[in-house]
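Residue numbers (this note's numbering), protein chains in the order written: chain A, 10 to 144; chain B, 10 to 144.
Notes for the one structure printed next.
2 protein chains.
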Amino acid sequence: MLHADDDQAREKFGSVLKHKNMSEILMDHKLAALGDAYVNFIYSMALSRRTGSPQGAKVQSRVLAEALKRANLRELLPARTDRHKQADGAEALLVYAWIKGLMPLEDAVSILYQHEKPIEAFYSLILATKKRLHL
Amino acid sequence: MLHADDDQAREKFGSVLKHKNMSEILMDHKLAALGDAYVNFIYSMALSRRTGSPQGAKVQSRVLAEALKRANLRELLPARTDRHKQADGAEALLVYAWIKGLMPLEDAVSILYQHEKPIEAFYSLILATKKRLHL
């Protein structure tokens, strides 16, 4: 079953987002608030699929901050940006790509699913997202 | 853009879920843990769309428990079930329907989006979900 409605409404909201470059996305704290809910959900889904049993999980700031750094995106944030705000950057980026239709939820879950270690999973997802963004 | 992958992988995981009836879904605490992440995400997305600005939110147990009661599903849980476990029931039900492909994420967001008050939004979504489940 595929639903045309899915993407229509998401794209409608996506037109609200008018970011000029990657730094602007990474520093959008409103987007990070939505991204926090998104990231916990896709990670919970990936974990559930890995273990074959439903579960919920919260992704730690430490994990997202480290993944962002490995993907060479931490350098786009001001030098004094703390770990929590670095994690916000990763959350904002990931949900931005989903809203814009560049990284479907299912693709994101599948990428996370392939890695046992959370940092590697998010590094891989951030890298794939970066490539699809062309910024 | 529609992605066939989306539903293939979700349905693959969905085959793991073998619940016989509504009570069994409502009392599945593992499913509720995944459902918690799902519910917060769809509600954050609906709020974002309503306000035209991205935001994150956690749905209160009180809201989900009341919505479940209005949809006449609270009676399927044991009498002494506390409010938190009632909310778990709503979370389990909503994510179950998504995993099974009966309530696409976008449909869920659209239903929530139509109501200003959270209890009415979730009552409406639970009712629509109940109808699609045929249990």
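Using N, Cα and C, we set each Cβ at its ideal position, and we do this for glycine too.
Legend entry - A:T60 in three-state terms, based on DSSP: Here residue 60 of chain A is taken as the residue at index 51 of the first sequence, counted from 1. Reduced to three states, the DSSP call for A:T60 is helix.
Legend entry - CB-CB length for A:A88 against A:A41, believed under 8 Å: In the first sequence, residue 88 of chain A corresponds to position 79, counting from 1. In the first sequence, residue 41 of chain A corresponds to position 32, counting from 1. Between A:A41 and A:A88 the Cβ distance is about 19 Å, and since that is not below 8 Å, they are no contact.
Legend entry - CA-to-CA distance, B:S62 to A:V25, given in whole angstroms: Here residue 25 of chain A corresponds to residue number 16 of the first sequence, with the count starting at 1. Here residue 62 of chain B corresponds to residue number 53 of the second sequence, with the count starting at 1. Per the coordinates, the alpha-carbon of A:V25 lies some 8 Å from the alpha-carbon of B:S62.
Inset, instruction - Could you check what DSSP says for A:G65 in three-state terms: helix, strand or coil? - result: Here residue 65 of chain A is taken as the residue at index 56 of the first sequence, counted from 1. Three-state DSSP puts A:G65 in coil, outside helix and strand.
Inset, instruction - Express the C-alpha separation of B:L35 and A:E125 in angstroms, rounding to a whole number. - result: The residue given as residue 125 of chain A occupies position 116 in the first sequence. The residue given as residue 35 of chain B occupies position 26 in the second sequence. Straight-line Cα distance between these residues: approximately 30 Å.
Legend entry - Neighbourhood of A:Y52 by C-beta, 7 Å cutoff - its chain only, sequence neighbours within 5 removed: On the first sequence, residue 52 of chain A is found 43 positions in, with the first residue counted as 1. Excluding the 5 residues flanking it on each side, A:Y52 has same chain C-beta neighbours closer than 7 Å at A66, V68, L121, in chain order.
Legend entry - Residue span of the alpha helix (DSSP H) that contains B:T90, given as start and end: For the purposes of this step, residue 90 of chain B is identified with residue 81 of the second sequence, where counting begins at 1. For B:T90, there is no enclosing alpha helix (DSSP H), as DSSP marks it with neither H nor E.
Inset, instruction - Look up A:Y132 in the DSSP assignment and say whether it is helix, strand or coil. - result: On the first sequence, position 123 is the one that residue 132 of chain A refers to. Correct three-state label for A:Y132: helix.
Legend entry - Close-in-space but distant-in-sequence residues of the same chain around A:F22 (CB under 7 Å, 5 per side omitted): Taking the first residue of the first sequence as 1, we reach residue 22 of chain A at position 13. Counting only residues of its own chain and dropping the five nearest sequence neighbours on each side, A:F22 has a CB closer than 7 Å to the CB of I108.
Legend entry - Selection from B:A76, B:P113, B:E115, B:L111 that minimises the alpha carbon distance to B:V97: Locating residue 97 of chain B in the second sequence gives position 88, where the first residue counts as 1. What sits at residue 97 of chain B in the sequence shown is Asp, not Val. When B:A76, B:P113, B:E115, B:L111 are compared, the shortest CA-CA separation from B:D97 is found for B:A76.
Legend entry - Below-9 Å beta-carbon distance, A:P2 vs any chain B residue: Missing from the structure shown is residue 2 of chain A; chain A here goes from 10 to 144 and no further.
Inset, instruction - Rounded to whole angstroms, what's the CA-CA distance from B:A55 to B:S119? Just pull it up for me. - result: For the purposes of this step, residue 55 of chain B is taken as the residue at position 46 of the second sequence. For the purposes of this step, residue 119 of chain B is taken as the residue at position 110 of the second sequence. Rounded to whole angstroms, B:A55 to B:S119 spans 7 Å at the Cα level.
Legend entry - Contact with chain B by A:R141, beta-carbon distance below 9 Å: The residue you call residue 141 of chain A lines up with position 132 of the first sequence. Not a single CB atom of chain B sits nearer than 9 Å to the CB of A:R141.
Inset, instruction - Give a yes or no on whether 9 Å exceeds the smallest Cβ distance from A:N30 to chain B. - result: As a working mapping, residue 30 of chain A is identified with position 21 in the first sequence. No, its Cβ sits nowhere closer than 9 Å to a Cβ of chain B.
Legend entry - Where A:H38 sits in the DSSP three-state scheme: Numbered from 1 along the first sequence, position 29 holds the residue referred to as residue 38 of chain A. If DSSP states are grouped into helix, strand and coil, A:H38 belongs with the helices.
Legend entry - Where the region 31–45 of chain B meets chain A: residues whose CB sits under 9 Å from a CB there: Answer in chain order: D37, K39, L40, A41, A42, L43, G44, D45.
Legend entry - Chain-ordered neighbours of A:S57 on chain B, where CB pairs are closer than 8 Å: The residue you call residue 57 of chain A lines up with position 48 of the first sequence. Within 8 Å Cβ-Cβ: F22, L43.
Inset, instruction - Could you tell me the distance, in whole angstroms, from the CA atom of B:H38 to the CA atom of A:P127? - result: The count along the second sequence starts at 1 and reaches residue 38 of chain B at position 29. The count along the first sequence starts at 1 and reaches residue 127 of chain A at position 118. Cα to Cα, the separation comes out at about 24 Å.
Legend entry - Boundaries (first-last residue) of the alpha helix (DSSP H) holding A:L121: What you label residue 121 of chain A is simply residue 112 of the first sequence in a count that begins at 1. Residue range 114–122 is occupied by the alpha helix (DSSP H) that includes A:L121.
Legend entry - Nearest residue (CA-CA) to B:S9, options B:A80, B:D91, B:R79: Because chain B spans 10 through 144 in this model, residue 9 of chain B falls outside it and cannot be assessed.
Inset, instruction - Quick one: using the 10 Å Cβ neighbour count with 16 as the cut-off for buried, is A:T138 buried or exposed? - result: Numbered from 1 along the first sequence, position 129 holds the residue referred to as residue 138 of chain A. Around the beta carbon of A:T138, a 10 Å sphere encloses 16 or more other beta carbons of the protein chains shown; the residue is thus reported as buried.
Inset, instruction - Identify which residue in A:L111, A:H143, A:A99, A:K27 has its Cα closest to the Cα of A:Y132. - result: Translated into the one-based positions of the first sequence, residue 132 of chain A becomes position 123. For the options A:L111, A:H143, A:A99, A:K27, the alpha carbon positioned closest to that of A:Y132 is the one of A:A99.
Legend entry - Best match in B:A117, B:Y47, B:L142, B:R141 for proximity to B:A130 [C-alpha to C-alpha]: As a working note, residue 130 of chain B is residue 121 in the second sequence. The residue from B:A117, B:Y47, B:L142, B:R141 with its alpha-carbon nearest to that of B:A130 is B:A117.
Inset, instruction - Identify whether B:K139 lies in helix, strand or coil by the three-state DSSP scheme. - result: Within the second sequence, the letter at position 130 stands for residue 139 of chain B. DSSP places B:K139 in helix when its eight states are reduced to three.
Inset, instruction - Pick helix, strand or coil for A:N49, following the three-state DSSP scheme. - result: Here residue 49 of chain A corresponds to residue number 40 of the first sequence, with the count starting at 1. If DSSP states are grouped into helix, strand and coil, A:N49 belongs with the helices.
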